[in-house]
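Protein chains in written order, with my numbering: chain A, 404 to 632; chain B, 5 to 252. Every residue gets a Cβ at the ideal spot worked out from N, C-alpha and C, and that includes glycine.
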Amino acid sequence: MDEWALILNDRIIKRFRIKEGQTLTIGRDNKEADVAVDNTAISRRHCSLELKGGNYYLTDLYSLNGTKVNGKKVVSAVPIKKTDFIEISKFTLQPTETILAEQTAESYAISSNNDMDQTVFVNAKPKPQARRAGGYRLKLISGKGAPQQLELAGKNSIKVGRDQSCDLVISGFLLSKTQFFITRKASYFSLIPLGSIRKTYLNGKVVGKETRLNRGDEIKTAGVTLKLE
Amino acid sequence: MYNFFKKILPHPSLKLTYAGLSDVGLVRENNEDCYRILEGKNIFIVADGMGGHNAGEVASRAAIEVMQRYFSDKIVKAMRSNSQEVRHAMLTAFEKANRVVMDLAEEDGDLLGMGCTLIVAFIRGTTLYTCHVGDTRCYVVSENRIRKVTRDHTMTEEAPGNSPSRHVVTRVIGYPFPEPPECNTISLREGDRILLCSDGLWSMVDESTILETIVKAESPAKAAERLVELANKGGGDDNITVLNVFCG
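Shown next as structure tokens:
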């Protein structure tokens with residue numbers, strides 16, 4: 404059994420599974436099509452996908468906007484491979500496994516069942532800045548602390564201070580339990596110092612309020628220096 | 005120095021009463037919604053699961069379990085000290101819940117593609133903090149007016165014009181977040197009433213009716229019952245979860 408997905412503009416609009424011996428009709432009509440896609444570019448009964456003896460066959464059901472395999476219009480039933488580039492009107496049809504392999508943790512989405520009214524998830528294309536922000540790490544340059552290096556990928560808020568609950572535990576004279584936070588904004592990180600006896604310095608200047616961080620910035624407090632890389 | 009006095013002086017706090025209710029609705033077979041009230045910690049959680057078979061249920065329950073375990077006495081104590089700690093704790097809790105749900109989905113093929121929307125509300129003194137992903141909402145009713153505190157993470161709100169349906173959510177537990185969860189801070193006054201709800205309520209009942217029901221209700225439990233009733237009357241297309249908190 405394989406799972407396929409219909410994709411439009413890099414988003415998965417529909418996911419469906421096909422079993423050996425099954426023929427699924429893809430179309431707009433809720434009743435006539437097994438896989439219903441609510442889009443006017445799709446004919447009521449657009450095409451059908453069959454799995455027989457481990458091979459896939461695609462048939463166009465006289466749709467208005469056509470079905471293409473590797474750029475060629477499908478007329479009668481054609482055998483297809485999972486690696487083929489299949490176009491159903493403006494949608495593309497792809498096995499989900501290849502999408503997941505291609506996009507891993509970046510941008511995939513799902514829609515389940517035939518029910519358009521159900522809550523579904525579509526992950527918008529990651530913004531280029533957001534992707535760049537993923538590669539950041541915080542490195543301990545001098546002073547006592549652990550870990551020596553902290554990956555910021557997937558983290559939205561980082562707590563730095565003396566307390567064991569901190570993501571980066573640093574030690575120094577009169578440091579606060581929580582010395583400062585680094586939090587992720589839409590496309591960058593920002594430094595939020597807390598009121599502490601020991602001041603927090605960013606590139607040599609005292610930080611009193613939330614400040615935007617850039618790659619290469621050095622944060623210093625009580626003999627501990629951290630660098631954002 | 006100001007911070008020091010603020011710390012040692014008793015924080016003004018509101019007397020809270022709360023109640024939650026979750027209903028399967030009239031159309032669905034099982035309830036994929038889930039809510040949890042962490043007594044004594046002033047933390048309120050609502051999740052709305054999605055994904056085929058029973059996977060939505062698994063996702064919402066797993067997410068809530070993780071949250072409950074994460075918000076330990078120690079974490080909550082830190083959260084009471086300042087708003088940055090609250091924000092940090094909430095974001096970390098979301099990351100943990102997301103991690104767990106993603107791992108579960110990866111291990112079990114039947115659960116692939118599951119996820120849930122999630123909202124956490126925390127009340128510290130007279131301030132309400134919310135953090136959420138997806139389209140579960142938080143409303144605050146204050147002096148006969150209703151205010152939607154949260155922004156839905158749906159195609160309709162984030163990329164209007166390109167949406168096949170309003171139920172398509174863009175940020176959800178169970179998938180890597182394209183953007184951090186949204187945090188909101190609201191100051192409360194005595195008499196304010198807070199409502200956390202899944203889309204099963206707000207898609208069936210309009211805001212003015214919600215407002216009227218909440219204002220009229222004598223207790224959070226009564227309000228929850230009445231709201232679920234109204235949602236079912238309006239069609240009950242989806243699971244309905246309502247969590248009410250009355251201040252003072």
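Measuring C-alpha to C-alpha distances from Ile123 of chain B to each of B:Ser146, B:Ser17, B:Leu115 and B:Val153 identifies B:Val153 as the nearest.
Under the DSSP assignment, Phe592 of chain A falls outside any alpha helix (DSSP H), being part of the beta strand (DSSP E) whose first and last residues are Phe592 to Pro596.
For a Cβ distance threshold of 7 Å, nothing in chain A lies close to Gln72 of chain B: the least Cβ distance comes to about 17 Å. Among the residues of chain A, none has a CB under 7 Å from the CB of Ala235 of chain B; the nearest is roughly 15 Å distant.
Val609 of chain A is positioned such that its CB atom lies no closer than 9 Å to that of Phe583 of chain A. Taking C-alpha positions only, Ala125 of chain B is separated from Ala225 of chain B by approximately 18 Å. When C-beta distances to chain B are compared with 9 Å, the residues of the segment 561-572 of chain A below that value are Ile561, Lys562, Asp566, Ser568 and Asp570, in chain order.
Between Cys135 of chain B and Cys187 of chain B, the CB-CB gap stays under 9 Å. Listed by position along chain A, the residues whose Cβ is nearer than 9 Å to that of Leu95 of chain B are Lys558, Asn559, Ser560, Thr586 and Arg587. With fewer than 16 other CB atoms across the displayed protein chains lying within 10 angstroms of its CB, Val478 of chain A is exposed. When secondary structure is reduced to three states using DSSP, Glu554 of chain A falls in the strand class.
Listed along chain A, the residues sitting closer than 8 Å to Lys78 of chain B by beta-carbon distance are Ser568.
Between the alpha carbons of Gly456 of chain A and Glu406 of chain A lies a distance of about 16 Å. For Thr213 of chain B, there is no enclosing beta strand (DSSP E); the enclosing alpha helix (DSSP H) covers residues Glu211 to Lys220.
In the three-state reduction of the DSSP assignment, Asp405 of chain A falls in the strand class. In the pairwise beta carbon analysis, the segment 569-581 of chain A is classified as touching the segment 548-556 of chain A: at least three pairs are separated by under 8 Å. The beta carbon of Arg448 of chain A lies closer than 7 Å to those of Thr428, Gly430, Asp432, Glu435, Ala436 and Leu464 in the same chain, with the five residues before and after it left out. Ile595 of chain A reaches chain B at Gln88, counting residues in chain order whose Cβ is nearer than 7 Å. For Ala444 of chain A, no alpha helix (DSSP H) segment is defined, and its DSSP state is neither H nor E.
With a 10 Å radius around the Cβ and a threshold of 16 neighbouring Cβ atoms, Phe48 of chain B comes out buried. A direct Cα-to-Cα measurement between Glu211 of chain B and Thr131 of chain B gives close to 23 Å.
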